[in-house]
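What follows is a set of notes on a single structure, which appears directly below.
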Amino acid sequence: MRLLERTLAEIKIAKRQSQTDSLGGVRETFSYSIAARGSVSPVANTLNHAANALTGREEGMFPNRTVRLLVAKDVDLEAGDGVKLWDEEWICEAVDTWSMHKEARLARREA
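Heads up: the sequence shown at position 69 corresponds to 69 in UniProt numbering, and the numbers run straight through without jumps.
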């Protein structure tokens, strides 16, 4: 199976945090303070055709709901963190650490 060409993209990472408001409610907050560059590639989903719907971007064709992101191993990225990519917000679902890089699966953050 031939892999699609990966392209470098500017990303911002927001560490997952929670805040307690004055009424005692806890909510998640994101502050996009970590800048990085990574390679983005599509994630094939053979079970859900709606997830495979493609959008044309300057870097190529990408799925609407999930992408795979490769970053340097020293980038501080964990499951649950927010990622800003293409002026859209994504949530990191899982991270695999390899010898020279990290591979993260991102899902589009639904409002």
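For each residue, glycine too, the CB sits at the ideal point set by N, CA and C. Please read these numbers as outputs of a predicted model, since none were measured by experiment.
- In the structure shown, LYS12 falls within a strand segment according to DSSP collapsed to helix, strand and coil.
- Per the C-alpha coordinates, the member of GLU103, MET100, ARG108 positioned closest to TRP86 is ARG108.
- LEU69 is positioned such that its CB atom lies no closer than 7 Å to that of VAL26.
- Ranked by Cα distance from GLU10, the first of LYS102, ARG16, TYR32, ALA36 is ALA36.
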